[in-house]
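In UniProt numbering, the protein residues as written are 1 to 523.
For reference, the structure is listed below as structure tokens.
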Ligand SMILES: Nc1nc2c(c(=O)[nH]1)N[C@H]1C(S)=C(S)[C@@H](COP(=O)(O)O)O[C@H]1N2
Ligand SMILES: [Mo]
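Here it is in structure tokens:
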């Protein structure tokens with residue numbers, strides 16, 4: 001078929017495609033069909049709700065199957081960008097699968113169709129096995145896969161037809177594939193954008209009238225050492241580290257929110273959000289830490305929370321003396337197993353928090369209700385988007401991370417960190433070192449620093465409202481000779497325990513070891 005455009009500079013362009021010709025065209029066809037299938041599915045997820053998104057669902061399955069060392073490596077390399085990394089990996093994977101679809105279809109008709117159909121099936125299974133999915137969530141994947149398959153079948157059939165009766169020349173064929181690819185990418189982008197934009201919940205969050213706490217936290221003056229470069233004692237919510245398995249941040253409607261307290265209790269309790277905030281609220285500053293935090297790492301933050309003490313709710317429910325764990329569940333199916341003793345102890349802070357630094361919880365940090373327990377790593381205590389509390393036993397239930405290689409119980413290890421000088425900074429011979437240290441529930445009584453393996457010097461400690469938070473420290477060092485140096489820090493808690501020098505990686509129960517910092521003194 002002659003080209004009608006007149007641009008016959010490339011004779012090839014007008015040549016008909018034959019079954020085995022021009023691998024590139026077939027690869028483009030495969031990628032286009034795959035993009036069309038995924039893009040259309042993501043587009044329809046906008047209509048049926050975010051649970052219908054195959055990308056989110058497959059990503060969720062990947063997140064759920066990641067073993068502890070892999071999770072730690074990804075977090076160590078990408079930090080809180082772990083989710084972006086996952087989506088980039090999925091996009092690359094889809095392109096590779098698309099190439100495979102095209103190559104398979106070129107080799108033998110219908111094999112590419114089979115590969116794409118199998119891909120759709122994987123998406124469907126992923127979607128349907130996510131927490132909360134129902135039949136309607138199957139629609140996007142089914143429609144998307146159907147469109148992708150129809151396109152592949154039509155265009156593949158044309159491409160493979162004998163030259164004589166083939167209405168598609170090579171240029172038209174490439175245009176068709178490029179068009180399908182564009183439609184797929186645009187539909188997918190629009191769908192994902194619309195899912196996040198179509199949320200009415202933010203308005204309600206801003207309008208929430210949460211009563212003032214009856215018991216206020218009194219934050220003493222001087223919690224912050226006057227040294228530039230030290231992380232703020234109170235971490236702004238925007239800068240607070242975020243770690244969770246949620247590829248789709250839950251947006252819960254507070255008017256629909258319910259919390260059930262059940263299991264080994266005398267009386268089950270069900271609370272609405274109004275019931276919860278109608279109770280006396282307590283305000284506490286508590287430092288949260290992630291078990292994946294490396295020595296010197298930044299997966300730790302300090303905020304002022306208000307909420308209802310868990311002790312009171314559990315007492316009302318009447319906990320069985322045989323119980324030793326509370327399994328908390330979030331709206332998206334994450335679970336944490338917290339030792340009951342930590343939640344009933346009068347000397348510990350353990351609450352259902354509704355505000356963070358004076359605002360309703362940000363969506364990323366658990367809106368509308370999360371747990372905050374002083375002294376336990378987040379994975380065993382800090383359930384965000386909380387909807388269920390089951391009083392149970394460690395020999396009968398386990399939290400999300402336990403079967404994935406993390407300890408069932410996760411007390412936060414005593415830690416200290418050097419913030420200043422920054423790594424490889426160049427400083428004056430007289431300089432101030434500063435940072436923070438934490439031993440929640442016990443409290444920090446000393447921080448010691450040494451340079452180049454010399455004598456330990458006591459740092460000056462900043463003020464803290466309680467032993468629930470980290471404590472800043474600083475120490476002035478004078479007359480350091482020019483050249484490279486190494487500083488180390490260690491903490492001492494109120495029981496006289498000295499922080500261990502023994503290095504441990506984060507899994508299975510938290511990193512340990514002294515933080516060291518290399519720096520240079522200018523001549
Ligand atoms: N629903 C839910 N809650 C969760 C998690 C999660 O994956 N899902 N991760 C936990 C972990 S591992 C940590 S360290 C803290 C982090 O809380 P943040 O993101 O508010 O800092 O949340 C905890 N609560
Ligand atoms: Mo964590």
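Heads up, the beta-carbon is just placed ideally off N, CA and C, and yes, glycines get one too.
Which residues DSSP lists as bridging residue i, in chain order
| i | result |
| --- | --- |
| residue 356 | 305, 359 |
| residue 424 | Paired residue(s): none; residue 424 is not in a bridge. |
| residue 34 | Paired residues: none, contrary to the question. |
| residue 310 | None; residue 310 has no bridge partner. |
| residue 289 | 300 |
| residue 458 | 448 |
| residue 372 | 351 |
| residue 258 | 272 |
| residue 521 | 427, 483 |
| residue 504 | 512 |
| residue 418 | 435 |
| residue 140 | Beta-bridge pairing links residue 140 to no other residue. |
Residue i in three-state terms, based on DSSP
| i | result |
| --- | --- |
| residue 489 | strand |
| residue 263 | strand |
| residue 3 | Because residue 3 carries a pLDDT of 39, less than 50, the predicted location of this residue cannot be relied on, and no value is offered for it. |
| residue 113 | helix |
| residue 401 | coil |
| residue 89 | helix |
| residue 525 | Residue 525 is absent from the model: the chain starts at 1 and stops at 523. |
| residue 97 | helix |
| residue 392 | strand |
| residue 334 | coil |
| residue 473 | strand |
| residue 439 | coil |
| residue 513 | coil |
| residue 64 | helix |
| residue 54 | helix |
| residue 325 | strand |
| residue 215 | strand |
| residue 281 | coil |
| residue 380 | helix |
| residue 72 | helix |
| residue 247 | coil |
| residue 225 | coil |
| residue 319 | strand |
| residue 343 | helix |
| residue 9 | The predicted position of residue 9 is uncertain, since its pLDDT is 38 and thus under 50; no value can be drawn from it. |
| residue 185 | helix |
Given residue i as reference, the closest of the options once Cα atoms are compared
| i | options | result |
| --- | --- | --- |
| residue 180 | 125, 373, 412, 34 | 34 |
| residue 247 | 515, 490, 51, 522 | 51 |
| residue 507 | 32, 73, 55 | 73 |
| residue 234 | 146, 304, 387 | 304 |
| residue 467 | 46, 359, 375, 406 | 375 |
| residue 362 | 241, 503, 102, 121 | 241 |
| residue 22 | 156, 191, 53, 134 | 156 |
| residue 533 | 174, 197, 498 | Given that the chain is displayed from residue 1 to residue 523, the structure contains no residue 533 and the question cannot be resolved. |
| residue 83 | 430, 95, 66, 411 | 66 |
| residue 342 | 372, 356, 111 | 372 |
| residue 27 | 367, 134, 159 | 159 |
| residue 255 | 277, 263, 349, 244 | 277 |
| residue 231 | 492, 473, 483 | 473 |
| residue 265 | 54, 287, 300, 324 | 324 |
| residue 425 | 354, 379, 517, 346 | 517 |
| residue 203 | 439, 252, 333, 385 | 252 |
| residue 102 | 95, 108, 112, 93 | 112 |
| residue 328 | 433, 320, 321, 337 | 337 |
Status (buried if at least 16 other CB within 10 Å, exposed otherwise) for residue i
| i | result |
| --- | --- |
| residue 131 | exposed |
| residue 352 | buried |
| residue 510 | buried |
| residue 136 | exposed |
| residue 218 | exposed |
| residue 448 | buried |
| residue 478 | exposed |
| residue 31 | buried |
| residue 519 | buried |
| residue 441 | buried |
| residue 192 | buried |
| residue 451 | buried |
| residue 469 | buried |
| residue 417 | buried |
| residue 453 | exposed |
| residue 121 | exposed |
| residue 316 | exposed |
Residue-chain proximity (residue i, chain B), Cβ-Cβ < 8 Å
| i | result |
| --- | --- |
| residue 244 | Here there is only one protein chain, and chain B is not present. |
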